[in-house]
Amino acid sequence: MADKSGNHKVSGIYLRRSLWSGLLFGIGLIAFIDETVFHQLLHWHHFYDKSTLEIGLVSDGLFHAFSWFSTIGALFMLADLKRREAWHVKRWWGGVLLGAGVFQLYDGIIQHKLMLLHQIRYVDNVFYYDMIWNIFALAMIGIGTAIISAAGKGTIRQKGRFQ
Numbered sequence: 000m001a002d003k004s005g006n007h008k009v010s011g012i013y014l015r016r017s018l019w020s021g022l023l024f025g026i027g028l029i030a031f032i033d034e035t036v037f038h039q040l041l042h043w044h045h046f047y048d049k050s051t052l053e054i055g056l057v058s059d060g061l062f063h064a065f066s067w068f069s070t071i072g073a074l075f076m077l078a079d080l081k082r083r084e085a086w087h088v089k090r091w092w093g094g095v096l097l098g099a100g101v102f103q104l105y106d107g108i109i110q111h112k113l114m115l116l117h118q119i120r121y122v123d124n125v126f127y128y129d130m131i132w133n134i135f136a137l138a139m140i141g142i143g144t145a146i147i148s149a150a151g152k153g154t155i156r157q158k159g160r161f162q
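Each residue of the sequence shown is one higher than the last, beginning at 0 in numbering that gives the first Met the number 0.
In structure tokens, the structure reads:
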């Protein structure tokens, strides 16, 4: 429905889909970065470090597949939103940061400390690594939430671009 300036209000369902697409993309992106940087390039840990190296590598492969399923699912949702000219860019980027932060905080608290699947790095004093990991996660959550809140409901302007 157009307002007085000719802009169209965004349907609630498309606002939610933009947010969910961003959340899934953020989860997939941060999982991909974690797996690539910390598992493969730096060799700090595997997804599951409580068994043999072979099991650790298989767990990394499954983790990598999870990250790609999340990313690809998010991109299919994004393509549909763009096709419908209903992509809310700010809510999507807020969702990316929120999803990445929530996943990283889950990884840092649940997987590292409660389930003991692996540590960030196997050193004598892992405390500083844990703090940086979780503070970075909280920062992404805070910034993502602020972007989503500031984005509000949004309107469609020139050729489907949302503000």
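Glycine included, C-beta positions come from ideal geometry on N, C-alpha and C.
On the three-state DSSP scale, how would you describe residue i?
i	result
Ile119	coil
Ile155	In this prediction, Ile155 has a pLDDT of 46, which is less than 50 and means its spatial position is unreliable; nothing more can be read from the coordinates.
Lys49	coil
Arg82	helix
Trp43	coil
Asn124	coil
Ser4	Residue placement at Ser4 cannot be trusted, given a pLDDT of 45 that sits under 50; what the coordinates show is reported in the next sentence. Looking at Ser4 - three-state DSSP - the assignment turns out to be coil, as it is neither helix nor strand.
Met114	coil
Ser10	coil
Using the Cα positions of residue i and residue j, report the straight-line distance between them to the nearest angstrom.
i	j	result
His163	Ser69	Nothing about residue 163 can be reported from this structure: the residues present for the chain run from 0 to 162 only.
His42	Phe126	19 Å
Asp59	His38	7 Å
Val101	Thr51	29 Å
Trp91	Ala64	23 Å
Leu97	Asp123	31 Å
Ala150	Ile134	24 Å
Asp48	Met114	11 Å
Ile12	Asp79	13 Å
Ile131	Ile119	10 Å
Trp19	Glu53	35 Å
Ser66	Gly21	14 Å
Ala85	Ile29	25 Å
Val57	Leu137	30 Å
Under 8 Å between the Cβ atoms of residue i and residue j?
i	j	result
His163	Ser17	Residue 163 falls outside the range modelled here, since the chain spans only 0 to 162, and no answer is possible.
Ala99	Ile26	yes
Gly94	Gly143	yes
Met76	Gln103	no
Leu14	Ala73	no
Asp129	His111	yes
Phe46	Phe31	no
Completely contained alpha helix (DSSP H) runs for the segment 61-107, where each covers 4 or more residues: The segment 61-107 contains these whole alpha helix (DSSP H) runs: 88-105.
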